[in-house]
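Undergrad: Residue 22 in the working numbering sits at position 21 of the sequence shown; the count goes up by one each step and never skips.
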Amino acid sequence: IIGQKLSHGEVVAFEPYPPNRSRLEQHININRVPGSVQSYALADENGSVEFKVQISSQSGAEQGSIDNVYPDSTQTIKTIPVDTARGDKLVSSGLIEPPTVIKMDIEGAAPAAIKGLRQCLSAEKCRRIYVEPHDNSEEISDLLQKLGFEIESITPDGHGEPTILGISQQ
2 IIGQKLSHGE VVAFEPYPPN RSRLEQHINI NRVPGSVQSY ALADENGSVE
52 FKVQISSQSG AEQGSIDNVY PDSTQTIKTI PVDTARGDKL VSSGLIEPPT
102 VIKMDIEGAA PAAIKGLRQC LSAEKCRRIY VEPHDNSEEI SDLLQKLGFE
152 IESITPDGHG EPTILGISQQ
């Protein structure tokens with residue numbers, strides 16, 4: 002929204018795919034947003050996995066996933082190794098601050114990322130989490146409810162799978 006900006010804190014983005022990470026870094030700099038882009042894919046384990054790069058007809062919309070179920074294997078054009086990280090470990094090690102708001106659109110891998118953020122999401126600091134589901138709405142909602150979030154669905158454009166909004170009850 003024009004005129005609104007971050008008044009304190011910073012944005013920390015996670016983008017494991019190098020071309021998208023570069024583009025995101027450019028936009029953060031152009032818009033003078035206080036923040037950084039981490040090269041990890043958020044997951045429920047620290048390690049390394051194959052990132053499946055998908056065919057995309059939209060310019061700048063190259064997408065992919067570390068999920069083993071959601072991506073259409075007929076659309077995968079290549080795989081690359083990427084590092085994964087548990088969000089809780091990144092916070093406990095001091096690499097990032099505990100999140101207060103989370104926006105997640107990670108092509109089917111949200112359940113694993115949420116599991117890797119359990120401690121952060123159980124803490125009182127995280128007020129909201131927005132998650133774009135990819136055929137896994139029920140699993141995401143169940144995980145967030147178990148962590149104490151009230152669930153709402155948002156369909157901003159009136160079609161497609163609704164965004165899941167978790168609102169902290171703490």
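Heads up, the beta-carbon is just placed ideally off N, CA and C, and yes, glycines get one too. It should be emphasised that the depicted structure is a prediction, and the values quoted were computed from it without experimental measurement.
Taking only three categories from DSSP, how would you classify R128?
TA: Three-state result, R128: coil.
Undergrad: For I115, which option in V83, I97, L148, E98 has the closest C-alpha, if you only look at C-alpha atoms?
TA: Here the closest residue by C-alpha is L148.
Undergrad: What residue from I31, M105, H135, I152 has the CA that sits closest to S142's CA?
TA: Checking every option, the nearest Cα to that of S142 belongs to I152.
Undergrad: Please list the terminal residues of the continuous beta strand (DSSP E) segment that includes A86.
TA: A86 -> beta strand (DSSP E) spans 77 to 86.
Undergrad: Should D73 go down as buried or exposed, given a rule of 16 or more other Cβ atoms within 10 Å for buried?
TA: D73 should be labelled exposed.
Undergrad: Hey, how far is the Cα of P17 from the Cα of L166?
TA: In a straight line, the C-alpha of P17 is about 24 Å away from that of L166.
Undergrad: Rounded to whole angstroms, what's the CA-CA distance from P163 to E133? Just pull it up for me.
TA: If I take the Cα positions, the gap works out to 7 Å.
Undergrad: Tell whether a beta-carbon distance below 9 Å holds between Q39 and V54.
TA: Result no, Cβ atoms of Q39 and V54 do not sit closer than 9 Å.
Undergrad: Can you tell me the Cβ-Cβ gap for C127 and S169, rounded? I've got them flagged as a contact below 8 Å.
TA: Between S169 and C127 the Cβ distance is about 6 Å, and since that is below 8 Å, they are a contact.
Undergrad: Residues in its own chain within less than 8 Å of P82 by CB, not counting five upstream and five downstream?
TA: So the qualifying residues of the chain are S49, V50, E51, F52.
Undergrad: Excluding the five sequence neighbours on either side, which residues of its own chain have a C-beta within less than 6 Å of the C-beta of E140, listed in chain order?
TA: Same-chain partners within the cutoff: P112.
Undergrad: In chain order, what residues of the same chain have a beta carbon less than 8 Å from the beta carbon of P35, not counting five sequence neighbours either side?
TA: L7, G10, E11, V12, listed in sequence order.
Undergrad: For the candidate residues I56, V92, S93, I29, whose alpha-carbon lies nearest to that of T75?
TA: Selected option, being the one with the closest Cα: I56.
Undergrad: Between F15 and the rest of its own chain, which residues show a CB-CB distance below 6 Å, the 5 nearest in sequence each way excluded?
TA: Excluding residues within five positions, the ones whose Cβ falls inside 6 Å are Q39, Y41, L43.
Undergrad: Report back the beta-carbon spacing between R87 and G117 to the nearest angstrom; my notes put them in contact at under 8 Å.
TA: Going by Cβ atoms, the distance from R87 to G117 rounds to 4 Å, so yes, they are a contact pair.
Undergrad: Work out the CA separation of D106 and N30 for me, nearest whole Å.
TA: Rounded to whole angstroms, N30 to D106 spans 21 Å at the Cα level.
Undergrad: Hey, E125 and T85: beta-carbon distance below 9 Å or not?
TA: In this structure, T85 does not lie closer than 9 Å to E125 by Cβ.
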